[in-house]
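FYI, our numbering numbers position 92 of the sequence shown as 1562, with every residue one higher than the one before it.
No residue lacks a Cβ here, since even glycine has one placed at the ideal position from N, Cα and C.
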Amino acid sequence: MSTTDDAPAPAAPASGIADPAPLGLAAFALTTFLLSGANAGWMTHATGNAWLGYAFAYGGLCQLLAGMWEFRNRNVFGATAFSTYGGFWIGLGLWVLLVANHAPPAGVSAAAYGAETGKDLGWILLAFAIFNTYMLIISTQVNMAVFLVFLTLEATEVILFAGFFANNTTLHKAGGYVGVLTALVAWYTSSAGVMNGHKGRVVFPVGKPLFGL
């Protein structure tokens, strides 16, 4: 994620390449929005799988590329965050295609297999919540907007993994609503990076770091 705070932004990064963080944030936001809308139960007249292709092409590939470019920018935080969540979306898409959408094994009912795949999702989201926890702590050193992205994402992951472990549809929907909020915060942070980088000064504020070490 971008380390830009409310100080005037330099005209160009020292690395000579544009800041990839707004792209990574936008890719994360859009894919999160599509999946969260489905989790919230909003897509009653759609398949609910609109997110799947974008998990590979946008949230996955584009975010992974943003992470690689952050390595070029020597931004270890952004590189780790974008690369990890790019991998998350690609991995989730593959899991849906290779596991969730397969017929149940012989001797296992569809209902039992559905319960097992729900537990799979619980474990996946628990694992990413652990990663997100230390990134949330570190994000307090970046800026308020980035911190809020990780804070809302933490809440989304915790609510969803609890919901999948408990097979609780109310928690699934609640996680969807918080996921939509996460997407909106990420979109704002992305737009701030685009506008502030374009103008060479702060137009959309992102706030100062919560703590400085």
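Once you ignore the five residues that flank residue 1481 on each side, which residues in its own chain have a CB closer than 7 Å to its CB? The residue given as residue 1481 occupies position 11 in the sequence shown. Interpretation of residue 1481 is limited by its pLDDT of 43, a score under 50 that renders its predicted location unreliable; no figure is taken from the coordinates.
Out of curiosity, what's the CA-to-CA distance linking residue 1567 and residue 1634? Within the sequence shown, the letter at position 97 stands for residue 1567. Within the sequence shown, the letter at position 164 stands for residue 1634. For residue 1567 and residue 1634, the distance between alpha carbons rounds to 19 Å.
May I ask you to report which of helix, strand or coil DSSP gives residue 1566? Start at 1 with the first residue of the sequence shown, and residue 1566 comes out as number 96. Helix, per DSSP.
What residue from 1569, 1548, 1573 and 1579 has the CA that sits closest to residue 1608's CA? Position 138 of the sequence shown, counting from 1, holds the residue named residue 1608. If we check each option's Cα against that of residue 1608, 1548 comes out closest.
Can the beta-carbon of residue 1489 be found closer than 8 Å to that of residue 1677? Taking the first residue of the sequence shown as 1, we reach residue 1489 at position 19. Taking the first residue of the sequence shown as 1, we reach residue 1677 at position 207. Not closer than 8 Å, so no.
At which residue ranges does the segment 1587-1612 contain complete alpha helix (DSSP H) runs of 4 or more residues, listed in the order of the chain? DSSP runs (the alpha helix (DSSP H)) wholly in the segment 1587-1612: none.
Restricting to Cα atoms, I'd like to know which of 1563, 1612, 1594 and 1521 is closest to residue 1627. Taking the sequence shown and counting its residues from 1, one reaches residue 1627 at position 157. Ranking 1563, 1612, 1594 and 1521 by Cα distance to residue 1627 puts 1594 first.
Compute every distance between the C-beta of residue 1599 and the non-hydrogen atoms of the ligand NAP, then say whether any falls below 7 Å. Of ligands this structure carries none, so the ligand NAP is not represented either.
Excluding five sequence neighbours on each side, which residues of the same chain lie with their C-beta closer than 6 Å to the C-beta of residue 1508? As a position in the sequence shown, residue 1508 is number 38, starting the count at 1. Answer for residue 1508: 1518, listed in chain order.
Quick one: using the 10 Å Cβ neighbour count with 16 as the cut-off for buried, is residue 1604 buried or exposed? Position 134 of the sequence shown, counted from the first residue, corresponds to residue 1604. Residue 1604 comes out exposed.
Classify residue 1616 as helix, strand or coil using the three-state DSSP reduction. Numbered from 1 along the sequence shown, position 146 holds the residue referred to as residue 1616. Residue 1616 falls in the helix class under three-state DSSP.
The alpha helix (DSSP H) that contains residue 1640, what's its start and end? In the sequence shown, the residue the question calls residue 1640 occupies position 170. Looking at the DSSP string, the run of the alpha helix (DSSP H) that includes residue 1640 is 1639-1669.
Can you tell me which of 1591, 1655 and 1556 puts its alpha carbon nearest to the alpha carbon of residue 1538? In the sequence shown, the residue the question calls residue 1538 occupies position 68. Of the candidates 1591, 1655 and 1556, the one whose C-alpha sits nearest the C-alpha of residue 1538 is 1556.
Residue 1542 - containing alpha helix (DSSP H), residue span: Here residue 1542 refers to the residue found at position 72 when the sequence shown is read from its first residue. Note, residue 1542: alpha helix (DSSP H), 1533-1542.
Skipping 5 residues on each side, what residues in its chain have a beta carbon closer than 6 Å to that of residue 1665? Taking the first residue of the sequence shown as 1, we reach residue 1665 at position 195. Answer for residue 1665: 1673 and 1674, listed in chain order.
Which one of 1516, 1531, 1569 and 1656 has the shortest CA to CA distance from residue 1613? The residue labelled residue 1613 in the question sits at position 143 within the sequence shown. Selection 1516, 1531, 1569 and 1656 evaluated against residue 1613 yields 1656 as nearest (Cα-Cα).
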